[in-house]
Each structure stands twice: as structure tokens, then as C-alpha cells.
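Going letter by letter, the sequence shown gives residues 1 to 281 in UniProt numbering. Structure first, then comments.
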Amino acid sequence: MTLSLWQKTLATTQAALNSGALQPISTTIETVYEAPFSYQLRTLSSLQSKENDRRIKQAANRSVNPFKPYDPELYVADIGAKHICLLNKFSVIDNHLLLVTRNFEPQTHLLTLSDFRAALMALREIDGVVFYNGGRVAGASQPHKHLQLIPVRPTDLPLSNTLNCFSAIPEPDAELPFRHARVRLPDNIGDTQDTVQWLHNHYLILLQRLQIRHSTRQAKMAYNLLLCREWLMLVPRSSESFAGVSFNALAFCGALLVKNQTQADALKAAGISQALGFVTQ
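This is how it looks when you write it as C-alpha cells:
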């Protein structure tokens, strides 16, 4: 019997936890209400602060490429001809997957048809959110191109009420407290070549709408991308952090991570909506 991608993920996760190859980062979760929005604020657990600090620093170490070679204990599956699927070694969310290019490509390169094909193949089997941190200012911790997938359904995202009301026409900013452009996917989404081409075309349209300059292969500005079975969204980035708190793509679906309670209190005092607006202005 051929295992599904989800079954392979669960089996690999359990084995990697047992061996110690997978080293999740423990957090506490708080819901923060800023009408009309609510946010999920994760704070690194104070009970494991030293271990969490070590794992955060190792995850951000750019002197070693963790994908070439990758740890075979974190390998889940091949995703198309040009990508592999790995577990995120230092995950905050359970069963967090990485869709990594088999050969090295810079994280600042534009996404290709192959990248979108890999994303759609994964989303076909796992109802979740694929995201991409396009450059260091967008929260990328590694220079080797990779997309990421969390198995959280779009209806369960903190900003789901707004995110799931996107229209079928590519649109600029509206309704959310940060700059973005978005489009709703066709109802018959799949991993066919037509759908891959549709996604790539609309990705380029959204880049243009946000005036994110690029050459044939290279983006000249940092940005985040979020994709699920229902919609595609791009967010331009002018700053990597606000008040010392770094943001990656997940911040723009309402899920944020801070290192300690001091950062959490400072972010809440300033206003999360204001912070998201600041890093995208």
C-alpha cells in the first residue's frame, strides 16, 4: 500500500522525535484581540528557555546549509522532479514541512512553475497553508530556496474571516491592516499544468500590483507569499522586524512568534495591527 504524504509525515515525525533528529520548540499560546481582528501570539516557553534559545540560534545559522546534505531522518518524500519534502527540524507548529529545491537556488529568486507545482502537489494531499519568505527582510533564515507548509486549515487561521473572503479578481490592499495583494483561486484547483500556469501568472500579476521590481529570475525587493487551496496573497516587506520582533509570512495570517514575555508585552502595547502595517509600508 502506498502511503499518502500525510501518512509519511506522521510516520517520519514520530521516528524523528524518537531519535532526537526532530527538535521542536516549545511555546505558550495567547489570543490577542484588536477589533476587528484577533491574533495568535506564541511565546517561547520560559520553562525551556535555554534549550529554545539554542534551537533558535541553530535554526538561524546561515554558515551551514541544512538542505545540502539534508538529514535523512527528516526526509519525508520527493515532491515532483525538482523538490524534496523535509520536516522542519526546529518546528513551532506540529508536522511543519519544508519543500526544498533539490539543487541550490537562492531564496531571493522568483518562484517558478516547478515551485508552484510542488506546492500544489502538497496542498492536494494536506489541507494547509504554503508560505514563502522571499529574502532576509521577509524573515528567511536560510539562503537555499524552500517553501514551507503548515497543516492548519485556512478556516482555522487567526485572520480567517477576512482571508477567506478574497475575491476572484486580483486586488490591492483592502480590509487587512497591512499592505498586500490577493486573489481567490478557481474552484477546480488541482495540480494540473493549467492550474500551475494560472498560479504563476497571477503571482507575477500580484508582484506587479505591489510594485515589487524583479529581473527575469531575481526579486529586487523582499516579500512574503501565502497560498492555500482557496487563495493566494503577497505581502511586500520594508522591514524584517518591529520593536525587535521578527516577522515571517505566518504573521500575515495572524500567527506571530516572540522570544519572551517582554517582547510579547511590548508588541501588544504597540498594537499588532500597527506592527504589521509598519513592516509592510
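Even glycine gets a Cβ: it sits at the ideal position worked out from N, Cα and C. A quick note: this is a predicted structure, and the numbers were derived from the prediction, not measured.
By alpha-carbon distance to N88, the top candidate from H144, L74 and P158 is L74. Residue environment: N103 is assigned as exposed (fewer than 16 neighbouring CB atoms within 10 Å of its CB, all protein chains considered).
Taken through DSSP and simplified to helix, strand or coil, F104 comes out as coil. Nearest in C-alpha terms to P154, of all of D127, H146, I272 and F178, is D127. In the DSSP annotation of this structure, the continuous segment of the alpha helix (DSSP H) that includes A15 starts and ends at L5 to S19. Here V196 carries a helix assignment [DSSP, helix/strand/coil]. Straight across, the Cα-Cα distance linking N133 with T262 is about 26 angstroms. Per DSSP, the continuous alpha helix (DSSP H) segment holding R124 begins and ends at L113 to E125.
Considered as a whole, the UniProt domain "ATP adenylyltransferase C-terminal" (175 to 277) harbours 193 to 209 and 261 to 270 as its complete alpha helix (DSSP H) runs of no fewer than 4 residues, in chain order.
Cα atoms of V258 and L41: separation of roughly 7 angstroms, rounded to the nearest angstrom. Taking 8 angstroms as the cut-off, the Cβ atoms of H96 and Q148 count as close. For the options Q274, S114 and T43, the alpha carbon positioned closest to that of D78 is the one of S114. The shortest CA-to-CA distance from V100 to any of V92, D94 and R117 is the one to R117. L207 and H83 have their C-alpha atoms spaced approximately 23 angstroms apart.
Per DSSP, the continuous beta strand (DSSP E) segment holding S38 begins and ends at F37 to L44. F178 is positioned such that its CB atom lies no closer than 8 angstroms to that of S239. In the structure shown, the three-state DSSP call for A140 is coil.
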